[in-house]
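S.K.: Its first residue numbered 0, the sequence shown is counted upward by one per residue in numbering that gives the first Met the number 0. Glycine included, each C-beta is placed from N, C-alpha and C at the ideal position. Sharing a structure here in structure tokens format.
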Amino acid sequence: MSDPFVCNCGWVCERPGCAIPPDEHECMWCGADGPTYWNGEPADCRRVIVIVADDPVFPHYWARQYVGQERHAVEVTTHRGRTFYIDNENGSGWAKVRFAGGGPQAGHSGLSIERVVTQPDPQPEQCGGSGEGR
């Protein structure tokens, strides 16, 4: 087993035994732009920073401890115009929509939000530029 891929920005691939060679890896934070999907259908997705809101519908809402705080997320707008947010604090949200087709084989954590604060600046120059495999 090889060492995990570590991008210049500090992102580490946490997939145990990841078989993607380091020179073909794409950082989940930096410029790994391309087509995005939800449930196998093309979707408009962007990485954002949000303020987390409470969700009283779920008594054990996983993100309740983050209410009022900023958090990395992915804004997903489906081909039918529905917009929602999934957590991307560890890069898994972007991996789901960008690399896993947005399907059920890759899990996600939904987020209720107060508002979008901004799009994060991934500073791609720190990661070798375009986000192409390194």
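Would you call the CB atoms of S111 and D86 closer than 7 Å?
M.R.: Your numbering for residue 111 matches position 112 in the sequence shown. Your numbering for residue 86 matches position 87 in the sequence shown. Here S111 is not near D86, since their CB atoms are 7 Å or more apart.
S.K.: Give me the residue from Q104, A105, G100 with the minimum Cα distance to T77.
M.R.: Start at 1 with the first residue of the sequence shown, and residue 77 comes out as number 78. The option with the nearest alpha carbon to T77 is G100.
S.K.: Taking the alpha carbon of N134 as the reference point, which residue from R114, A105, V116 has its own alpha carbon closest?
M.R.: The structure shown has nothing for residue 134, since the chain only spans 0 to 133.
S.K.: Along the chain, where does the alpha helix (DSSP H) that runs through V115 open and close?
M.R.: Numbered from 1 along the sequence shown, position 116 holds the residue referred to as residue 115. Not the alpha helix (DSSP H): V115 falls in the beta strand (DSSP E), residues 112-117.
S.K.: For the candidate residues R114, T117, V116, F98, whose alpha-carbon lies nearest to that of E40?
M.R.: One-based indexing of the sequence shown puts residue 40 at position 41. Looking at the Cα atoms, F98 is the closest of the given residues.
S.K.: How would you write the range of the alpha helix (DSSP H) that V96 sits in, first residue to last?
M.R.: Start at 1 with the first residue of the sequence shown, and residue 96 comes out as number 97. Looking at the DSSP string, the run of the alpha helix (DSSP H) that includes V96 is 91-98.
S.K.: Pick out whichever of Y36, Y60, R70 has its Cα sitting closest to the Cα of T117.
M.R.: Locating residue 117 in the sequence shown gives position 118, where the first residue counts as 1. Closest option to T117, Cα to Cα, is R70.
S.K.: Alpha carbon to alpha carbon, how far is G33 from G92? Give it in angstroms, no decimals.
M.R.: Taking the sequence shown and counting its residues from 1, one reaches residue 92 at position 93. Taking the sequence shown and counting its residues from 1, one reaches residue 33 at position 34. Their backbone Cα atoms lie some 14 Å apart in a straight line.
S.K.: The beta strand (DSSP E) that contains H71, what's its start and end?
M.R.: As a position in the sequence shown, residue 71 is number 72, starting the count at 1. Unbroken beta strand (DSSP E) run through H71: 69-76.
S.K.: Who does W61 pair with in a DSSP beta bridge?
M.R.: Taking the sequence shown and counting its residues from 1, one reaches residue 61 at position 62. Its beta-bridge partners do not exist; DSSP assigns none.
S.K.: What three-state label does DSSP hand D53 in the structure shown?
M.R.: Counted from its first residue, the sequence shown places residue 53 at position 54. Note: D53 maps to coil in three-state DSSP.
S.K.: Helix or strand or just coil, what does DSSP make of G127?
M.R.: Indexing the sequence shown from 1 puts residue 127 at position 128. Reliability of the predicted coordinates at G127 is poor, the pLDDT of 42 falling under 50, and no value is obtained from them.
S.K.: Check each candidate in T82, V47, R46, R63 and name the one with the smallest Cα separation from D54.
M.R.: Mapped onto the sequence shown, residue 54 falls at position 55. Ranking T82, V47, R46, R63 by Cα distance to D54 puts R63 first.
S.K.: Keeping to the same chain, check which residues put their C-beta closer than 6 Å to that of Y60; ignore five residues upstream and five downstream.
M.R.: Counting from one through the sequence shown, the residue named residue 60 turns up at place 61. Hits under 6 Å: D54.
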